[in-house]
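Peer 1:
Residue numbers (the numbering used here): 17 to 150.
Okay, structure coming up:
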């Protein structure tokens with residue numbers, strides 16, 4: 017989600033309430049729309065969003081991948097990488113951020129701190145029962 021926020025310029029799901037319904041939607045696989053012109057981090061972002069948490073890369077794996085992007089196998093630094101990669105990165109950096117597709121004002125119930133949901137509530141039972149009846 018950090019990579020998505022970096023590429024979009026807005027927090028994920030900022031246009032809707034951060035409630036039980038959103039939590040369940042995320043558990044069912046809902047993810048933010050991928051931003052156009054996202055460079056090589058797109059594949060890593062998708063791996064991190066895998067519905068099966070066992071298939072997501074660990075923080076060490078993410079670190080190793082990003083490190084490989086920055087330091088080449090022969091020990092060269094990122095500033096020594098080929099022109100095509102530099103061009104792609106600069107194109108992404110200079111691309112206009114498409115805020116037209118995303119709300120720039122956060123929903124009043126969008127929270128960006130950890131908090132617990134009451135998963136024993138009547139609302140949860142109703143949602144689960146309606147999902148089972150589908």
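Beta carbons: idealized from backbone N, C-alpha and C, even for Gly.
Between which two residues does the alpha helix (DSSP H) holding residue 37 run?
Peer 2: Along the chain shown, read from residue 1 onward, the residue named residue 37 stands at position 21. That run of the alpha helix (DSSP H) goes 36 to 43.
Peer 1: Can you give me the C-alpha to C-alpha distance between residue 138 and residue 145, rounded to a whole angstrom?
Peer 2: Residue mapping note: residue 138 aligns to position 122 of the chain shown, counting from 1. Residue mapping note: residue 145 aligns to position 129 of the chain shown, counting from 1. About 11 Å.
Peer 1: Could you say which of 42, 149, 61 lies nearest to residue 24 if we only look at CA atoms?
Peer 2: Residue numbering aside, residue 24 sits at position 8 when the chain shown is read from its first letter. Checking every option, the nearest Cα to that of residue 24 belongs to 61.
Peer 1: Measure the alpha-carbon distance for residue 127 versus residue 41 and round it to whole angstroms.
Peer 2: As a first step, residue 127 must be located in the chain shown, where it is residue number 111. As a first step, residue 41 must be located in the chain shown, where it is residue number 25. Looking at the two C-alpha atoms, the distance is approximately 16 Å.
Peer 1: How about residue 36 and residue 140: are their beta carbons less than 8 Å apart?
Peer 2: Your numbering for residue 36 matches position 20 in the chain shown. Your numbering for residue 140 matches position 124 in the chain shown. Contact: yes.
Peer 1: Going by other Cβ atoms of all chains shown within 10 Å of its Cβ, with 16 needed for buried, is residue 79 buried or exposed?
Peer 2: Working through the chain shown from its first residue, we reach residue 79 at position 63. Exposed.
Peer 1: May I ask which residues mark the beginning and end of the alpha helix (DSSP H) holding residue 143?
Peer 2: Here residue 143 refers to the residue found at position 127 of the chain shown. Residues 138 to 148.
Peer 1: Determine whether the beta carbon atoms of residue 57 and residue 17 lie at a separation below 8 Å.
Peer 2: Taking the chain shown and counting its residues from 1, one reaches residue 57 at position 41. Taking the chain shown and counting its residues from 1, one reaches residue 17 at position 1. Not closer than 8 Å, so no.
Peer 1: Return helix, strand or coil for residue 78, following the three-state DSSP convention.
Peer 2: Locating residue 78 in the chain shown gives position 62, counting from the first residue. Residue state, collapsed to three classes: helix.
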